[in-house]
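Residues 0 to 460 (numbering that gives the first Met the number 0) make up the sequence shown, in order.
Backbone N, C-alpha and C fix where the C-beta goes; we use that ideal spot for every residue, glycine too.
The structure displayed is predicted, hence computed values, not measured ones.
Below you'll find the structure, written out as structure tokens, and then a few comments.
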Amino acid sequence: MRKCVAVLSVLLLLAPVTALFAAGAGEAAEPEDARLNIIIRGVEDGVNHNMVVWILEDVIPAFEERMAEQGRDVRVGLIQFGGSDEALEQQYALDMSVGEGSDIMAFDGFWIPDFVEAGYIEPLDQIAGNAVWDWGGWDVIPEGLREIMGFDGEIYGLGSGTDVRKIYYRTDLFEEAGISLPWQPESWEDVLQTARELQRAGVPSPLQINAGTAMGEATTMQGYFMVLLGAGEHMYDFENNMWYGETQAIHDALEVYRQIYVEEELGNRSIQLAAAGRDQSFEAFREGEIAMLVEGDWFWRSVVAPGSEWEPAAGRDNVVDWAKMPAQQPGAGFNGQDFVSISGGTGFIINPNTSHPELAWELLAFMHDYDMQMAFQDIQPRITVREDIPVQGDPVMSSMAEELLQYSTVRPQLPEYAQISVAAQRMTERVVNEEMTPQEAMEAYAEDLDEIVGSDRVIRE
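Right under this line is the structure:
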């Protein structure tokens with residue numbers, strides 16, 4: 000078994016000793032009289048509140064009504080998980096290792112390779128049969144976006160959405176510092192110079208770019224990748240199937256971290272090293288202690304959205320704006336770009352342990368049909384994988400999609416990525432906490448890559 004499976008093995012060692020979310024396995028009822036469960040990372044009035052509302056108020060009643068019209072007594076339940084993404088992944092690994100888990104599972108696309116390698120998940124058509132390919136939704140999902148929930152030529156789930164990343168900034172703090180609006184930096188130096196002006200104006204943490212292992216994948220996607228792409232490089236060489244280990248771009252990226260958190264103290268490094276650091280960064284942004292924060296569009300439509308725990312008297316749209324993340328210099332970014340972004344993707348899979356595979360597919364397809372996806376757009380506009388679903392009702396989200404998707408790239412859907420992502424997080428942490436210099440941290444990262452994929456697949460310039 001490949002080394003990447005060790006990641007899930009570690010998760011199992013850390014997990015509780017009992018599985019929490021039993022699937023339909025063991026139920027005696029036939030699909031005409033059945034119970035299905037959906038699990039998501041979401042809690043009513045908490046994280047991903049809007050998705051909870053969508054499933055409880057739109058998906059479940061409509062699906063149960065459709066089943067009743069067909070003479071089928073089907074009941075659907077929603078399990079709300081309030082922990083972190085990493086904790087949910089850990090719970091999934093535990094449940095599936097003992098043949099249990101919910102029938103439909105919210106899933107991050109980058110988890111798929113590890114779960115495939117561990118033997119925990121199966122392609123949709125192996126679970127539910129050829130009926131999967133009769134679904135009309137495939138006609139409006141581009142091949143590339145199908146791969147959000149794919150690996151090695153197989154499709155394991157349906158993608159719900161994709162995203163883009165950028166710099167959010169507090170317009171009120173910018174105005175107090177005398178910085179002209181709207182703001183769009185053209186280089187890293189522009190960003191740093193703005194941070195210095197904000198620092199002189201008394202902002203405690205002018206600029207926050209995620210670093211460290213505590214923030215998990217948020218460090219890799221919102222932090223390291225965004226800086227590395229600006230230096231002109233991806234983490235992975237797709238053409239030659241190799242990983243960048245010791246390069247000038249990596250060194251430049253780490254030097255920016257050192258400059259922000261160590262040399263000039265333009266950011267709050269204690270946030271990056273705290274167990275609840277990401278939540279702390281959200282709170283600090285809301286409280287006006289952070290002026291610039293690199294995050295994904297989820298931040299706009301969830302963390303600071305109307306109805307969230309933060310509703311400033313002036314209104315979100317009057318105190319928060321966003322700017323494209325610039326390359327180190329114009330034209331110096333990945334693929335010669337002036338600006339950079341990266342996109343992930345989430346969706347839902349069917350648990351192979353379900354007792355009702357065909358019915359689970361019916362529910363999964365129903366959730367991703369046009370009407371249900373439009374119902375979610377009415378609650379929370381977002382970028383979806385379906386070409387026929389517009390980002391409606393939110394001009395800011397529409398402009399993010401229009402302006403940033405053209406610059407965006409994706410993570411490599413490879414089994415080793417999860418381990419390499421952790422190694423990259425550790426590399427940034429070593430610089431931020433002054434354990435190592437950028438050069439030393441990069442060399443240690445390259446050695447980690449040697450262990451994960453073999454030195455013959457590591458690029459050293």
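- In the three-state DSSP reduction, GLN89 falls in the helix class (H, G or I).
- Excluding its 5 nearest sequence neighbours in each direction, GLY392 has C-beta neighbours in its own chain below 6 Å: PRO380, listed in chain order.
- For PHE333, same chain residues with a beta-carbon under 7 Å away, outside a window of 5 residues either side, are LEU228, GLY231, GLU232, HIS233, VAL339 and THR408 in chain order.
- 9 Å or more divides the Cβ of TYR168 from the Cβ of ASP32.
- Taking a C-beta distance under 9 Å as the contact criterion, ASN47 and SER420 do not qualify as a contact pair.
- In the three-state reduction of the DSSP assignment, THR170 falls in the helix class.
- Taking the CA atoms as reference points, GLY98 sits about 14 Å from ILE126.
- Residue pairing of ARG257 in beta bridges, as defined by DSSP: absent, with no partner found.
- Per DSSP, the unbroken beta strand (DSSP E) holding ARG34 starts and ends at 32–40.
- Here DSSP, grouped into helix, strand and coil, assigns TRP110 to helix.
- The bridge partners DSSP lists for LEU227 come to none.
- Spatial neighbours of ALA194 in its own chain (CB-CB distance under 6 Å, excluding positions within 5 residues in sequence) are listed in chain order as PRO205, LEU206 and LEU265.
- For MET324, the beta-bridge partners assigned by DSSP are VAL339.
- Annotation note: the region 330–387 contains the following uninterrupted alpha helix (DSSP H) runs of length 4 or greater, listed N- to C-terminal: 356–366 and 369–378.
- Secondary structure at THR161: strand, using DSSP grouped into helix, strand and coil.
- Straight across, the Cα-Cα distance linking LEU253 with LYS323 is about 20 Å.
- About 29 Å separates the Cβ atoms of VAL452 and TYR260, ruling out a contact at the 8 Å cut-off.
- Nearest C-alpha to GLU43 among VAL318, ASP162, PHE150 and ILE78: ILE78.
- Counted as a single uninterrupted DSSP element, the beta strand (DSSP E) harbouring PRO205 occupies residues 204–207.
- Going by beta carbons, SER159 and THR383 fall inside the 9 Å limit.
- In the structure shown, THR427 adopts helical secondary structure according to DSSP, grouped into three states.
- By the 16-neighbour rule on beta-carbons within 10 angstroms, SER398 is exposed.
- Note that the C-beta distance between ALA423 and THR218 is below 9 Å.
- TRP242 counts as buried, since at least 16 other C-beta atoms from the protein chains shown sit within 10 angstroms of its C-beta.
- A Cβ-Cβ distance of about 5 Å is found for the pair GLY244 and LEU448, placing them in contact under the 8 Å criterion.
- DSSP places SER280 in the helix class (H, G or I) of the three-state scheme.
- For the pair ALA67 and VAL58, the CB atoms are not nearer than the 9 Å cut-off.
- THR193: member of the alpha helix (DSSP H) spanning 187–199, first to last residue.
- The beta carbon of PRO329 lies closer than 7 Å to those of GLU185, SER186 and ASP337 in the same chain, with the five residues before and after it left out.
- From the listed residues GLU56, GLY149 and LEU362, the smallest Cα separation to ILE103 is found for LEU362.
- In this structure, DSSP gives MET214 a state outside helix and strand, which the three-state scheme calls coil.
- Contact check between the region 130–137 and the region 354–374: three or more CB pairs, one atom from each, fall below 8 Å, which counts as touching.
- Cβ contact annotation for GLN271 (same chain, cutoff 6 Å, sequence separation greater than five): ALA210, GLY211 and VAL431, in chain order.
- Distances from the CA of SER96 to each of GLY76, GLY82, GLU262 and GLY118 were compared; the closest alpha carbon is that of GLY118.
- As the crow flies, the alpha-carbon of MET426 is around 40 Å from that of ALA313.
- Burial state of LEU35 is buried, judged by a 10 Å Cβ sphere holding 16 or more other Cβ atoms.
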